[in-house]
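Undergrad: First to last, the sequence lines map onto chains A and B. For the first sequence, my numbering gives the first residue as 1, with consecutive numbering after it. For the second sequence, my numbering gives the first residue as 395, with consecutive numbering after it.
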Amino acid sequence: MGETHSNPVYRVGFLYSVTGPYRTIAQDLYDGARMALDEVNNDSAFAFRLVPEFRDPAGVPERYTEFCDSLIRRDGCKHIIGTITSLARKEVLPTVEKFDALLWYPCPYEGFECSENVIYTGANPNQHILPLFEHVVPKFGRRVYLTGSNYIWGWETNRIGRELIQACNGEVLGEKYLPIDSADVDHIIEDIKAKKPDFILNNLIGNSSYALFRAYQKLGQEDPEFAAAKRPIVSCNLTECELGQLGEAGIGHLSTAIYFANQTDAENTEWLARFHEFAGADRIPSAFVAQGYATVKMLAQSIRRAGNDDVPAVRHHLMRKPVQTPFGMVQIDATNNHAALTPLIGEIGEAGWFKIVSRADHAVVPDPYLVHFDADDFRRKVGKPGAGNLRVVS
Amino acid sequence: MKRTNRIPNFRGWHVWVLHRPSAAIDPLLRHLERLGMTVDRYWPELPRGDDANVKAADILFFDADMGMDEQFPWTPDQTPMPSVALIGSEAPGRLEWVLSRQSGAHLQKPVSTAGVFSAAVLAVHAFEQQQKLRAEICELRRRLKLRPVVAKVLMTVMLSHNIDEHGALKAIRAEAMKKQQTIEDYCAAIVASGRTGSGDGAPIVTN
């Protein structure tokens, strides 16, 4: 045990809605965090103790603000880890900035933000939808159908999808949205059946997403033209934690993430063994478990380097060198507070695992405002249009 | 389903920030660089446009609290680039001045990173709209000035072809369309060639 009576104690606030509409994702982040806290607090290399203050806003936006305020002012937390939706992150930002605390945001999101009081450890569009399209377009074609839940993630990720498709002279065949939690996908499936897109970009979340997969599976059984291997559904944030809900309907479809549990390198094998010891051998950790874990590790390593948990010192030491995570060494970019990450593309296999079908050669520098996106470069990367599946629009 | 992308990518843009050195705007300067821009800060005066040592700007952020007209090398109605006001004081007199400088967007001081991208996008859009409208008004004014010329040609055609004003206007419009000109420009060319006076030239319109 690394703890002695003289070791300082640092309180860390957590805002994870382990109840409510996105509890599956929150539970994974929470479990990853608990595992990392256990390791840090039992490792003599860390001469301090992290005391977590977990709060469950249950997905209610106003509760995020309330909890964030009390975590900082009453409980003395300088660091808050959490929020999942952009809506919740935007709720707590004014409070975090007002008290000059640091929010550690661990999820993939739609980019176009850069607060100096936030560390963004998840992927942004040049690390999720861009590599996803670079993989999918040459393989399946450039005629896309866009779907999404009716809020900022769906709207903005589809907007970027549209921009990418226009950049390579492809075609957007349709764009449909569902209210959050709605399973009313029949009209989308009818439209897809009529228009036969080369692939479907899925920015639906939760129940809507599961309903789309199930209905599309049924369509594929009636007409092999809609088999996953021919016209896949592709997602930017679908991970292992939701594959149970999809069952067989998910098999063969694609998603991008910065971590998939079946990575075979020695580091992951060793981490996976520790995770199974912590959470049980039948649990498959998603990118959210890995992110929840990595984010706590980044904070702990930075406190260790800094010698205290003061925000400016932690930020300074975080930027100085990379931190070991289940998805490799991760460096936070000092110019924009986002993480350099290595995007992966996974194909859903059986029994709740992804098969990794593509991996970036190196960590991709974060570009939250897509400042360095170059349409010509993208067009070159996705190659010349195939004769059979292209209809040029200009 | 093609839509025009109205959101600019600011990579390679150059910004002038007219503000005294202040911690309140440091996050702005850093964030502009994150958006892909290069930044020059000036105080108390902006450089003149003809100064060869100065990199010309694509967009301006200016202080609304201490600002005055004398700091600008142009008059408000000749603002040559999109501009964003940096507002601390909301005193009506200051806001009055901001209105007079025709800025397309504003940011509240102290500036954090939030809002900078939106302000730049809105200012660029407002400026482009303003330029478009200004050009359209100029063109309409120019054509309005040519009204007597159109009247003169109209009269000539009515007399020479013995038709009423509707018929004459229709014929002139058809000729102008053939030449891909506005009616005003077509008539101005006719008058300039002297074909409205003597009646001995080629017919102005063909039947």
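Note that the Cβ used here is the ideal one computed from N, Cα and C, for glycine as well.
Quick one: Cα of residue 212 (chain A) to Cα of residue 243 (chain A), how far?
TA: The straight-line gap from Cα to Cα measures roughly 13 Å.
Undergrad: Going by CA-CA distance only, name the one from A:271, A:60 and A:186 that's closest to residue 208 (chain A).
TA: The candidate whose alpha carbon is nearest that of residue 208 (chain A) is A:186.
Undergrad: Count the other CB atoms, across all protein chains shown, that sit within 10 Å of the CB of residue 165 (chain A); report buried if there are 16 or more and exposed otherwise.
TA: Buried, by the Cβ-count rule.
Undergrad: Distance check for residue 500 (chain B) and residue 550 (chain B), CA to CA, integer angstroms please.
TA: Whole-angstrom Cα-Cα distance: 56 Å.
Undergrad: If contact means a Cβ-Cβ distance below 8 Å, which residues of the stretch 329-356 of chain A contact chain B?
TA: Here the close residues are 335 and 336.
Undergrad: Could you spell out the range, first to last residue, of the alpha helix (DSSP H) harbouring residue 64 (chain A)?
TA: Element bounds for residue 64 (chain A): 61-73.
Undergrad: Do the stretch 166-180 of chain A and the stretch 132-145 of chain A meet, that is, are 3 or more Cβ pairs less than 8 Å apart?
TA: The stretch 166-180 of chain A vs the stretch 132-145 of chain A: in contact.
Undergrad: For residue 184 (chain A), which residues of its own chain have a beta-carbon under 7 Å away from its beta-carbon, when the five flanking residues on both sides are left out?
TA: Cβ neighbours of residue 184 (chain A) beyond the five flanking positions: 178.
Undergrad: Shorter than 8 Å from the beta carbon of residue 372 (chain A) to some beta carbon of chain B?
TA: Answer yes: the Cβ-Cβ gap between residue 372 (chain A) and chain B drops below 8 Å somewhere.
Undergrad: Residue range of the beta strand (DSSP E) that residue 204 (chain A) falls in?
TA: Careful: residue 204 (chain A) lies outside any beta strand (DSSP E) and carries neither H nor E.
Undergrad: What number of angstroms, rounded off, separates the C-alpha of residue 232 (chain A) from the C-alpha of residue 356 (chain A)?
TA: Cα to Cα, the separation comes out at about 15 Å.
Undergrad: Cβ of residue 76 (chain A) within 8 Å of Cβ of residue 288 (chain A)?
TA: It is not a contact, given that the beta carbons lie outside the stated cut-off.
Undergrad: Is the CB-CB distance between residue 241 (chain A) and residue 203 (chain A) below 8 Å?
TA: Their beta carbons are not under 8 Å apart, which means residue 241 (chain A) does not touch residue 203 (chain A) by this criterion.
Undergrad: Give me the subset of the stretch 107-123 of chain A whose CB atoms are less than 8 Å from a CB atom of chain B, sorted by chain position.
TA: Hits within the stretch, in order: 112, 113, 114, 115 and 116.
Undergrad: Quick check: what's the CA-CA separation for residue 323 (chain A) versus residue 198 (chain A)?
TA: Answer to the nearest angstrom: the Cα atoms are 39 Å apart.
Undergrad: If we define contact as Cβ-Cβ less than 8 Å, is residue 416 (chain B) a contact residue for chain A?
TA: No, residue 416 (chain B) does not count as interfacial toward chain A.
Undergrad: Please check the pair residue 123 (chain A) and residue 341 (chain A), which I expect to be a contact at CB under 8 Å, by giving their CB distance rounded to whole angstroms.
TA: Correct: roughly 5 Å between the Cβ atoms.
Undergrad: Taking 8 Å as the CB-CB cut-off, is residue 392 (chain A) touching chain B?
TA: Because the pLDDT of residue 392 (chain A) is 37, which lies under 50, any placement of that residue in the model is unreliable, and the number read from its coordinates should be weighed accordingly. Cβ-Cβ to chain B under 8 Å: no for residue 392 (chain A).
Undergrad: Between A:248, A:329, A:362 and A:27, which has its C-alpha nearest residue 351 (chain A)'s C-alpha?
TA: The residue with the shortest Cα to Cα distance from residue 351 (chain A) is A:248.
Undergrad: Extract the residue ranges of the alpha helix (DSSP H) inside the stretch 204-266 of chain A, only unbroken runs of 4 or more that lie entirely within it.
TA: List check, alpha helix (DSSP H) in window: 206-222 and 240-246.
Undergrad: CB-CB under 8 Å to residue 567 (chain B), same chain, minus the five flanking residues each way: which ones, in chain order?
TA: For residue 567 (chain B), where only same-chain residues beyond five positions count, the Cβ hits under 8 Å are 577.
Undergrad: If the cut is a Cβ gap below 8 Å, which residues of chain B does residue 190 (chain A) touch?
TA: None at all; the shortest Cβ gap to chain B is about 18 Å.
Undergrad: Would you check if the distance between the CB atom of residue 296 (chain A) and the CB atom of residue 78 (chain A) is smaller than 8 Å?
TA: Cβ distance not < 8 Å, so residue 296 (chain A) and residue 78 (chain A) don't count as in contact.
Undergrad: If you follow the beta strand (DSSP E) that residue 434 (chain B) is part of, which residue opens it and which one closes it?
TA: Taken as a continuous stretch (DSSP letters only), the beta strand (DSSP E) holding residue 434 (chain B) covers 432-436.
Undergrad: Grab the span of the beta strand (DSSP E) containing residue 520 (chain B) for me, first residue to last.
TA: Run containing residue 520 (chain B): none in the beta strand (DSSP E); it sits in the alpha helix (DSSP H), 510-539.
Undergrad: Check whether the Cβ atoms of residue 30 (chain A) and residue 16 (chain A) lie closer than 8 Å to each other.
TA: In this structure, residue 16 (chain A) lies closer than 8 Å to residue 30 (chain A) by Cβ.
Undergrad: Considering only the alpha carbon of each residue, which of A:205, A:252, A:60 and A:210 lies closest to residue 227 (chain A)?
TA: Nearest C-alpha to residue 227 (chain A): A:252.
Undergrad: Could you please tell me which residues of the stretch 68-101 of chain A, in chain order, have their CB closer than 8 Å to any CB of chain B?
TA: Flagged, chain order: 93 and 97.
Undergrad: With distances taken from CA atoms, which of A:98, A:190, A:85 and A:192 is nearest residue 149 (chain A)?
TA: That would be A:85, whose Cα lies nearest to the Cα of residue 149 (chain A).
Undergrad: Going by DSSP in three states, residue 404 (chain B) sits in which element: helix, strand or coil?
TA: Coil, per DSSP.
Undergrad: Report buried or exposed for residue 534 (chain B), applying the criterion of at least 16 other Cβ atoms within 10 angstroms of its Cβ.
TA: Result: exposed.
Undergrad: For residue 430 (chain B), return the contacting residues in chain A, with the cut-off set at a CB-CB distance below 9 Å.
TA: Simply 369, 371 and 372.
Undergrad: DSSP state of residue 550 (chain B), grouped into three classes?
TA: In this structure, residue 550 (chain B) counts as helix in the three-state DSSP scheme.
Undergrad: Given that residue 421 (chain B) touches chain A, what residues does it touch there, using C-beta distances under 8 Å?
TA: Those within 8 Å of residue 421 (chain B) in chain A are 116.
Undergrad: When you compare only the Cα positions, how much space is there between residue 395 (chain B) and residue 143 (chain A)?
TA: At residue 395 (chain B), the pLDDT of 42 sits below 50, so the modelled position is not reliable and the matter cannot be decided from this model.
Undergrad: If residue 153 (chain A) and residue 110 (chain A) are in contact, beta carbons under 8 Å, what's the gap, nearest whole angstrom?
TA: So it is a contact: roughly 6 Å between Cβ atoms.
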